[in-house]
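**Student:** Numbering (this note's numbering), first residue to last: 18 to 142.
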């Protein structure tokens, strides 16, 4: 069964705000940076934990859900991809699903002071 595909969400959309609450096809999400990690909260009401799939692939977080209610002949799906700008410690990603809210914490690798000073050239007079 194929899930609907969406383009990865661009990090730049929320670059100028510490947090954003966005609706995507009936689902809301909030994405922000806190304490050296990215935090993504997605409202996924009426899904059971075993109906939610989260995966990480080369800088893109994929969240997919599928619920089938055979007694009513209904089927609901959600699929969203989020692209992250920095290296994420993939083996330390934490995911929790509580009361219809999926929270994903993605630690940023190599956080700390880095880089070097660049000398400024002045034109000769």
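Beta carbons: idealized from backbone N, C-alpha and C, even for Gly.
With distances taken between CB atoms, is the gap from residue 76 to residue 98 smaller than 8 angstroms?
**Tutor:** Not closer than 8 angstroms, so no.
**Student:** Going by C-alpha to C-alpha distance, which of 58, 65, 107 sits closest to residue 127?
**Tutor:** Taking only the C-alpha atoms, the option nearest residue 127 is 107.
**Student:** Per DSSP, which residues does residue 111 bridge with? Please list them.
**Tutor:** 122.
**Student:** Under 8 angstroms between the Cβ atoms of residue 84 and residue 63?
**Tutor:** Their beta carbons are under 8 angstroms apart, which means residue 84 touches residue 63 by this criterion.
**Student:** Determine the burial state of residue 135: buried for a count of at least 16 other Cβ atoms within 10 Å of its Cβ, exposed for fewer.
**Tutor:** When all chains shown are included, residue 135 counts as exposed.
**Student:** Could you work out which residue in 90, 55, 49, 115 is closest to residue 66 when comparing CA atoms only?
**Tutor:** Answer by Cα proximity: 115.
**Student:** Anyone know if the C-beta pair for residue 118 and residue 53 falls short of 8 angstroms?
**Tutor:** For residue 118 and residue 53, no; Cβs fall outside 8 angstroms.
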